[in-house]
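J.:
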Amino acid sequence: MEYIEVFTREGKPTGKIKEKHDKKVPGDYYRHVLIIIKTSDSLFPGKVEGRYIVQQRSLRARYYAGKWDMTGGGVRAGGSHHPRSGFRM
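For what it's worth, the numbering used here labels the leading residue of the sequence shown as 232, then goes sequentially.
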(Lines of atoms letter the chains of each structure in order from A; the text may use other names.)
(Lines give C-alpha, C1' and ligand atoms only; values in the text may rest on other atoms or scores of the structure.)
Protein backbone atom coordinates (compact mmCIF):
# COMPACT_ATOMS: atom_id res chain seq x y z
CA MET A 232 0.00 0.00 0.00
CA GLU A 233 1.25 3.50 -0.83
CA TYR A 234 0.70 6.49 1.43
CA ILE A 235 0.75 10.23 0.66
CA GLU A 236 0.96 13.28 2.92
CA VAL A 237 -1.71 15.96 3.07
CA PHE A 238 -0.68 19.62 2.87
CA THR A 239 -2.36 23.01 3.26
CA ARG A 240 -2.88 25.25 0.26
CA GLU A 241 0.30 27.07 1.32
CA GLY A 242 2.28 23.80 1.16
CA LYS A 243 2.60 23.24 4.91
CA PRO A 244 2.24 19.66 6.20
CA THR A 245 -1.00 18.97 8.07
CA GLY A 246 0.35 15.86 9.79
CA LYS A 247 -2.27 13.74 8.00
CA ILE A 248 -1.26 10.74 5.89
CA LYS A 249 -3.71 8.94 3.58
CA GLU A 250 -3.67 5.84 1.41
CA LYS A 251 -2.91 6.90 -2.15
CA HIS A 252 -6.28 5.84 -3.58
CA ASP A 253 -8.48 7.11 -0.73
CA LYS A 254 -11.20 9.57 -1.71
CA LYS A 255 -9.78 13.08 -2.12
CA VAL A 256 -11.29 15.72 0.17
CA PRO A 257 -11.74 19.36 -0.89
CA GLY A 258 -9.19 21.51 0.92
CA ASP A 259 -6.58 18.76 1.15
CA TYR A 260 -3.53 19.18 -1.11
CA TYR A 261 -1.02 16.57 -2.26
CA ARG A 262 2.42 16.86 -3.82
CA HIS A 263 2.90 15.56 -7.34
CA VAL A 264 6.05 15.45 -9.43
CA LEU A 265 6.08 15.72 -13.22
CA ILE A 266 9.29 14.92 -15.09
CA ILE A 267 9.61 16.44 -18.57
CA ILE A 268 12.36 14.88 -20.67
CA LYS A 269 13.70 16.77 -23.69
CA THR A 270 15.96 14.98 -26.16
CA SER A 271 19.50 16.23 -26.72
CA ASP A 272 18.99 16.19 -30.49
CA SER A 273 16.21 18.80 -30.35
CA LEU A 274 16.43 21.44 -33.05
CA PHE A 275 16.58 24.21 -30.44
CA PRO A 276 18.53 22.96 -27.40
CA GLY A 277 17.80 25.02 -24.30
CA LYS A 278 14.69 26.58 -25.84
CA VAL A 279 11.04 25.65 -25.32
CA GLU A 280 10.71 24.16 -28.80
CA GLY A 281 12.12 20.70 -29.36
CA ARG A 282 11.47 16.99 -29.02
CA TYR A 283 10.14 15.56 -25.78
CA ILE A 284 9.72 12.03 -24.45
CA VAL A 285 6.13 11.00 -23.65
CA GLN A 286 4.67 7.64 -22.72
CA GLN A 287 1.44 5.89 -23.49
CA ARG A 288 -0.39 4.63 -20.42
CA SER A 289 -1.14 0.93 -20.23
CA LEU A 290 -4.48 -0.18 -21.65
CA ARG A 291 -4.97 -1.87 -18.26
CA ALA A 292 -4.37 1.34 -16.27
CA ARG A 293 -7.07 2.19 -13.74
CA TYR A 294 -7.21 5.81 -14.90
CA TYR A 295 -6.78 7.24 -18.42
CA ALA A 296 -5.96 3.88 -20.00
CA GLY A 297 -4.25 4.22 -23.38
CA LYS A 298 -3.80 8.00 -23.07
CA TRP A 299 -0.49 9.81 -23.68
CA ASP A 300 1.18 11.23 -20.60
CA MET A 301 4.39 12.61 -19.09
CA THR A 302 6.24 10.62 -16.45
CA GLY A 303 5.26 11.58 -12.93
CA GLY A 304 3.37 10.63 -9.83
CA GLY A 305 2.48 11.47 -6.29
CA VAL A 306 5.20 11.99 -3.71
CA ARG A 307 5.13 9.20 -1.12
CA ALA A 308 4.68 10.12 2.54
CA GLY A 309 8.04 11.14 3.96
CA GLY A 310 9.50 11.59 0.46
CA SER A 311 11.02 14.71 -1.04
CA HIS A 312 9.32 16.71 -3.78
CA HIS A 313 12.77 17.83 -4.94
CA PRO A 314 13.88 14.70 -6.78
CA ARG A 315 17.09 14.52 -8.75
CA SER A 316 15.11 15.12 -11.91
CA GLY A 317 17.24 18.03 -13.09
CA PHE A 318 20.14 15.83 -14.15
CA ARG A 319 21.13 15.22 -17.75
CA MET A 320 20.86 11.77 -19.27
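C-beta: ideal position from N, C-alpha, C; glycine also.
Report, in whole angstroms, the separation of the C-beta atoms of Val264 and Gly303, which I expect to be a contact under 8 Å.
T.: 5 Å
J.: Is it right to say Glu337 is buried, meaning 16 or more other beta carbons lie within 10 angstroms of its own, or is it exposed?
T.: Residue 337 lies beyond the stretch modelled for the chain, which goes from 232 to 320, so this question has no answer here.
J.: Whose C-beta lies closer than 8 Å to the C-beta of Asp300 among residues of the same chain, with five residues either side of it excluded?
T.: Val285, Gln286, Gln287 and Arg288
J.: Compare the beta carbon distance of Thr270 and Gly258 with 8 Å and say whether it is the shorter of the two.
T.: no
J.: Name the residue from Asp272, Lys247 and Leu290 whose alpha carbon lies nearest to the alpha carbon of Phe235.
T.: Sequence inspection shows Ile at residue 235; the Phe mentioned does not correspond to that position. It is Lys247 whose Cα lies nearest to the Cα of Ile235.
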